[in-house]
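Have a look at the structure below before the remarks.
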Amino acid sequence: MAMSLGRTVLARAARRSLLSSSSRYNINNNASILGGAFNNNSRWFSSYPPHEVVGMPSLSPTMESGTIAAWNLGEGDSFNAGDSICTVETDKATVDFEAQDEGVVAKIIVQAGGGEIPCGTPILVTVEDEADVPSFKDFVVEAAAPATAPVEEAAPAPTPAPTPVAAAPTPAAAPAAAAPTGERVLASPRAHTLAKEKGYGEISALRIVGTGPGGRIIAQDVLEYDPSSAPAPVVAETTTAAAAATPAAAAPAAAAASTPLPEPVQGPGYTDYSLPTSAMELASRLHTSKQNVPHYYLSIDLSLDSLMELRSSLNSTMKLDENDGGISVNDLLMKAAAAAMKTVPAANASWMENFIRVYDSVDINVVVGNGSSLYAPVIRDAGRRGLKALSDDVAAATAVVEGEEGSDPTTVPGFGDVGTFTMVNLGMFGVKSAAPIIREPQACALALGVIENRIVPNDDAESEEIYKESVMMTATLSCDHRVVDGAVGAQWLSAFKNHVENPVTLLL
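Numbering (my numbering) for the sequence shown: 713 to 1220.
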């Protein structure tokens, strides 16, 4: 019997070694259990039947933790290669956790809808024989912990082993009360962050109705959430101990969200400055985008003479100037960018791994502010709205950055959301041109340089002057080559130039 069991174990180990060399990801951005996740697993030899404890997988090179949005299989359910075991939410994407081998779910250790789980923390137990499932009804990780010592360590290892293993499931026990329905919660990363910053805790514990695509909870939904008018969560199945643990677990999160940034720390020849959550989130997004997106850049010079005349005419008609809510040059350029998207809709798109999604609405992230006060609120449906409406939205965002009384960045419409296109104007800093980083999942980003007078060839055939003075600007378009190739990018810039130099087309 012992020799037979030994041969069985060796055979399984050899088979899993071969399977673990397979690709970790498929084109649908799904993670494979045996290819990617079981590197975090352990086989436990104890009084329990042969089984494996599955840890939270690392679904990307930068992933440190994730949240289980939904279990697609229950305890006792069998799975085959390609079946989705559960859905995992990271700070960047929602990913299916797929199987590449057959097995049976014996025990779900961490319930869906809870908080973030560090990679490697046990979340699931699987077996190969369905008859073994009842043996794991009362399974806890602590019970199996001592059995890992003979496999990995010599005799001294069993004593310290229970401490680190027992600590891992402790925070995972509370989420059962945080997500009583067990339903999948779709929310943007910014919505998760805002919920924590406002002291609400995990977004899965709130009764928020999402207004984004497919019912997705966006940042604006969190901003408009009123805890006093929200229905009480249903926690009928929660035990007294778990119910008591929930507020205790939420208290540190609320305190952390309301805690101001620490003072700068002086060192020998340097100073350390703490970063707000929004700044760290933006840095992570840009770092990932620069790694994943194949950028290329196109630049073009624009004549603004006609655009400046139109702006003066419009503001004169409305008896306004730029300080009184009048139309700015940046407003006209944003409208020109939206019009160019209508001419070349292929640029208003996103890379979706195995297909390209082209959007009907042009939602532009306009970057305002700088440093720790850098924001990029979304100006919705810029292609169909009038110049004055767009100007008012941008003015509201700018007022927040400039610190006007009562201003709060989170009150700006579209704050924290990602649109379909990004525009940044660096002309105020005297920068002639720049190459912006594309914000995923967008395909393009536009950088505008300084407005300056230049001497250019005179295109007036009736003039005797060879050269003339013209108001000029340089615009640079960053493109995702997977979505927008060189020809399409050039077509978009040509359309943008046409709308800028013939601004009457913006009024059509």
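For every residue, glycine included, the Cβ atom is placed at its ideal position computed from N, Cα and C.
Keep in mind that this is a model prediction, so the values were computed, not measured.
Can you round the beta-carbon distance between residue i and residue j to whole angstroms, since I take them to be within the 8 Å contact cut?
i, j, result
"residue 1008", "residue 1156", "Between residue 1156 and residue 1008 the Cβ distance is about 11 Å, and since that is not below 8 Å, they are no contact."
"residue 806", "residue 824", "Contact flag wrong, Cβ pair sits at about 13 Å."
"residue 1014", "residue 1212", "5 Å"
"residue 1187", "residue 1011", "7 Å"
"residue 1153", "residue 1025", "Not really, about 38 Å apart at Cβ, beyond 8 Å."
"residue 1230", "residue 1168", "Nothing can be reported for residue 1230: it is not among the residues displayed for the chain, which extend from 713 to 1220."
"residue 1049", "residue 1158", "6 Å"
"residue 1019", "residue 1041", "7 Å"
"residue 1038", "residue 1045", "Not really, about 15 Å apart at Cβ, beyond 8 Å."
"residue 1218", "residue 1047", "5 Å"
"residue 1106", "residue 1131", "Not confirmed; about 13 Å, so no contact."
From which residue to which residue does the beta strand (DSSP E) around residue i run?
i, result
"residue 1164", "1164–1169"
"residue 938", "Segment: none, residue 938 is in no beta strand (DSSP E) and carries neither H nor E."
"residue 839", "834–839"
"residue 1180", "1179–1192"
"residue 1135", "1133–1137"
"residue 1157", "1156–1160"
"residue 1062", "1061–1063"
"residue 1077", "1076–1079"
"residue 978", "977–979"
"residue 1069", "1068–1070"
"residue 820", "815–820"
Mind checking which residues open and close the alpha helix (DSSP H) that includes residue i?
i, result
"residue 682", "No answer is possible for residue 682: the residues shown for the chain start at 713 and end at 1220."
"residue 1010", "Counting along the chain, residue 1010 falls outside any alpha helix (DSSP H), though it belongs to the beta strand (DSSP E) covering 1007–1015."
"residue 984", "Unbroken run through residue 984 is the beta strand (DSSP E), 982–984; no alpha helix (DSSP H)."
"residue 1042", "1041–1055"
Count the other CB atoms within 10 Å of the CB of residue i; is the residue buried (16 or more) or exposed (fewer)?
i, result
"residue 1056", "buried"
"residue 1030", "exposed"
"residue 1141", "exposed"
"residue 1043", "buried"
"residue 799", "buried"
"residue 930", "buried"
"residue 906", "buried"
"residue 778", "buried"
"residue 1216", "exposed"
"residue 983", "exposed"
"residue 1065", "exposed"
"residue 1001", "buried"
"residue 914", "buried"
"residue 995", "exposed"
"residue 1103", "buried"
"residue 1003", "exposed"
"residue 975", "exposed"
"residue 1129", "buried"
"residue 794", "exposed"
"residue 803", "buried"
"residue 981", "exposed"
"residue 1087", "buried"
"residue 1171", "exposed"
"residue 1069", "exposed"
"residue 792", "exposed"
"residue 774", "exposed"
"residue 1220", "exposed"
"residue 1098", "exposed"
"residue 999", "exposed"
"residue 992", "exposed"
"residue 841", "exposed"
Given the structure, does residue i come close to the ligand HEM, in the sense that its CB is under 7 Å from one of the ligand's heavy atoms?
i, result
"residue 1023", "For the ligand HEM, the structure offers nothing, since it holds no ligand at all."
Measuring only between beta-carbons, confirm whether residue i sits less than 8 Å from chain C.
i, result
"residue 1137", "The structure shown contains no chain C; it holds only a single protein chain."
* To do: Report yes or no: do the segment 767–782 and the segment 830–844 share at least 3 C-beta pairs separated by less than 8 Å?
  => yes
* Asked: Counting Cβ pairs, one atom from each stretch, are 3 or more of them under 8 Å apart for the segment 1178–1192 and the segment 1157–1170?
  -> yes
* Between the segment 1068–1076 and the segment 1090–1105, do three or more beta carbon pairs fall short of 8 Å? -> yes
* For the segment 751–806, list the alpha helix (DSSP H) runs that are entirely contained and at least 4 residues long, ordered along the chain. => none
* Asked: Does the segment 784–796 touch the segment 809–823, meaning 3 or more C-beta pairs lie closer than 8 Å?
  -> yes
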